[in-house]
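Asker: One structure is given below, represented as structure tokens, and several questions about it will come after.
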Ligand code: ATP
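Numbering (UniProt numbering), first residue to last: 1 to 237.
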């Protein structure tokens, strides 16, 4: 069964003017999909509508077969949909450790939970006492993803993974996401400007232009035809 089903989703910022129209997106457990498209295509808006931060104007979203209510971010998290926003939303004056601890409600098992994150991102272990605001960009992104993982996502949504990061760091983070998808069946929806890095890690890709999905296929099909995305941009306008 699919872990994420998004069917005919419309969403927008002003009533009656949807900037996303008829979005269909389906993901199996352990699959990584990337959302590609020019600036303003609606990629961030789609992540916001999936995670409940923005109400939907139409359409259905289900995680593991259970309906995710429109415009209800808490319920979306309880359903297993967790967003890493593009600003990473860390508590900058709290330490790495405190940021992680805040994501684990129960005291019992907190250390073991933190260890699962620190085993995935060993460089954070050396930075536990450092304020999040003083971490490097790559460490901040690792912390933001680590904190999201502590909420046991079935579907992890990541906006602008590589914003401000060197490609080698992006690669390292993508490798962790691939491992999490493989080992734990976590599905990932990734918004990423570096098309080649994203396609190398992803199983599927969707191209958004002007709020519509204009092309959608296995990532390998896009990798084999480098001009296909460009054609989708031009054709979808
Ligand atoms: P980018 O790569 O530039 O972030 P994107 O594909 O993520 O692009 P969105 O940010 O989702 O695109 O924007 C989609 C459309 O919604 C754009 O026309 C944008 O101007 C509009 N938009 C985005 N945020 C808001 C907002 N808070 N209020 C009103 N309109 C918005």
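For glycine and all other residues, C-beta sits at the position ideal for the given N, C-alpha and C.
Check whether the Cβ atoms of residue 202 and residue 33 sit closer than 8 Å, and answer yes or no.
Answerer: Residue 202 sits at position 202 when you count from the first residue of the chain shown. Residue 33 sits at position 33 when you count from the first residue of the chain shown. Yes. Within cutoff.
Asker: Name the residue from 126, 112, 146, 133 whose alpha carbon lies nearest to the alpha carbon of residue 120.
Answerer: What you label residue 120 is simply residue 120 of the chain shown in a count that begins at 1. The option with the nearest alpha carbon to residue 120 is 146.
Asker: Grouping DSSP H, G and I as helix and E and B as strand, with all else coil, what is residue 89?
Answerer: Position 89 of the chain shown, counted from the start, is the residue given in the question as residue 89. Coil.
Asker: Measure the C-alpha to C-alpha separation of residue 170 and residue 194 and round it to an integer number of angstroms.
Answerer: Counted from its first residue, the chain shown places residue 170 at position 170. Counted from its first residue, the chain shown places residue 194 at position 194. In a straight line, the C-alpha of residue 170 is about 9 Å away from that of residue 194.
Asker: Could you spell out the range, first to last residue, of the alpha helix (DSSP H) harbouring residue 74?
Answerer: On the chain shown, position 74 is the one that residue 74 refers to. Looking at the DSSP string, the run of the alpha helix (DSSP H) that includes residue 74 is 73 to 79.
Asker: Taking Cβ to Cβ, would you say residue 123 is nearer than 8 Å to residue 142?
Answerer: Here residue 123 refers to the residue found at position 123 when the chain shown is read from its first residue. Here residue 142 refers to the residue found at position 142 when the chain shown is read from its first residue. A contact, by the Cβ cut-off of 8 Å.
Asker: Which word fits residue 158, buried or exposed, when buried means at least 16 other C-beta atoms lie within 10 angstroms of its C-beta?
Answerer: As a working note, residue 158 is residue 158 in the chain shown. Label assigned to residue 158: buried.
Asker: Taking residue 207 as the reference, give the member of 75, 114, 25, 84 with the closest Cα.
Answerer: Along the chain shown, one-based indexing puts residue 207 at 207. Of the candidates 75, 114, 25, 84, the one whose C-alpha sits nearest the C-alpha of residue 207 is 25.
Asker: Looking only at its own chain, which residues have a Cβ that is under 7 Å from the Cβ of residue 43, when we skip the five neighbours before and after it?
Answerer: For the purposes of this step, residue 43 is taken as residue 43 along the chain shown, with counting starting at 1. These residues qualify, in order along the chain: 35, 37, 191, 208.
Asker: Considering only C-alpha positions, which residue in the set 57, 177, 77, 129 is nearest to residue 16?
Answerer: The residue labelled residue 16 in the question sits at position 16 within the chain shown. Comparing Cα positions, the closest option is 57.
Asker: Taking all protein chains shown into account, decide if residue 1 is buried (16 or more other Cβ within 10 angstroms of its Cβ) or exposed.
Answerer: Your numbering for residue 1 matches position 1 in the chain shown. So residue 1 ends up on the exposed side.
Asker: With hydrogens ignored, establish whether the beta-carbon of residue 233 is closer than 7 Å to any heavy atom of the ligand ATP.
Answerer: Position 233 of the chain shown, counting from 1, holds the residue named residue 233. Relative to the non-hydrogen atoms of the ligand ATP, the Cβ of residue 233 never comes closer than 7 Å to any of them.
Asker: Just mark residue 168 as buried or exposed, buried being the case when its beta carbon has 16 or more other beta carbons within 10 Å.
Answerer: Position 168 of the chain shown, counted from the start, is the residue given in the question as residue 168. Exposed: under 16 other Cβ atoms inside 10 Å.
Asker: Sort 41, 55, 50 by Cα distance to residue 249 and report the nearest one.
Answerer: The structure shown does not extend to residue 249, since the chain is modelled only from 1 through 237, so no value can be given for it.
Asker: From residue 144 to residue 22, what distance separates their C-alpha atoms?
Answerer: The residue given as residue 144 occupies position 144 in the chain shown. The residue given as residue 22 occupies position 22 in the chain shown. Approximately 30 Å, taken between the alpha carbons.
Asker: Name the two residues that bound the continuous beta strand (DSSP E) containing residue 130.
Answerer: Taking the first residue of the chain shown as position 1, residue 130 is located at position 130. Premise fails: residue 130 is in no beta strand (DSSP E) and is neither H nor E.
Asker: Could you tell me how far apart the beta carbons of residue 81 and residue 50 are, in whole angstroms, since I believe they sit closer than 8 Å?
Answerer: Taking the chain shown and counting its residues from 1, the one referred to as residue 81 is at position 81. Taking the chain shown and counting its residues from 1, the one referred to as residue 50 is at position 50. With 8 Å as the limit, residue 81 and residue 50 qualify as a contact, their Cβ atoms being about 6 Å apart.
Asker: Over the uninterrupted alpha helix (DSSP H) stretch that includes residue 221, give me the two end residues.
Answerer: Taking the first residue of the chain shown as 1, we reach residue 221 at position 221. Looking at the DSSP string, the run of the alpha helix (DSSP H) that includes residue 221 is 219 to 224.
Asker: Residue 188 and residue 177 - do their beta-carbons sit closer together than 8 Å?
Answerer: Within the chain shown, numbered from 1, the residue matching residue 177 stands at position 177. Within the chain shown, numbered from 1, the residue matching residue 188 stands at position 188. Cβ distance < 8 Å, so residue 177 and residue 188 count as in contact.
Asker: Anyone know if the C-beta pair for residue 128 and residue 83 falls short of 8 Å?
Answerer: As a working note, residue 128 is residue 128 in the chain shown. As a working note, residue 83 is residue 83 in the chain shown. Going by C-beta atoms, residue 128 is not nearer than 8 Å to residue 83.
Asker: My assumption, with CB atoms under 8 Å, is that residue 30 sits in contact with residue 185. Please give the rounded CB distance.
Answerer: The count along the chain shown starts at 1 and reaches residue 30 at position 30. The count along the chain shown starts at 1 and reaches residue 185 at position 185. With a Cβ gap of about 5 Å, residue 30 and residue 185 count as contacting.
Asker: Cβ of residue 19 within 7 Å of any heavy atom in the ligand ATP?
Answerer: Within the chain shown, numbered from 1, the residue matching residue 19 stands at position 19. Flag set: Cβ of residue 19 near the ligand ATP.
Asker: Is residue 45 near the ligand ATP, with its Cβ less than 7 Å from a heavy atom?
Answerer: By 1-based counting over the chain shown, the position of residue 45 is 45. Correct: residue 45 has its Cβ closer than 7 Å to the ligand ATP.
Asker: How far does the beta strand (DSSP E) with residue 58 in it reach, from first residue to last?
Answerer: Position 58 of the chain shown, counted from the start, is the residue given in the question as residue 58. Segment 58 to 63, the beta strand (DSSP E) holding residue 58.
Asker: Closer than 7 Å: is that where the CB of residue 11 sits relative to any heavy atom of the ligand ATP?
Answerer: What you label residue 11 is simply residue 11 of the chain shown in a count that begins at 1. Not one heavy atom of the ligand ATP lies closer than 7 Å to the C-beta of residue 11.
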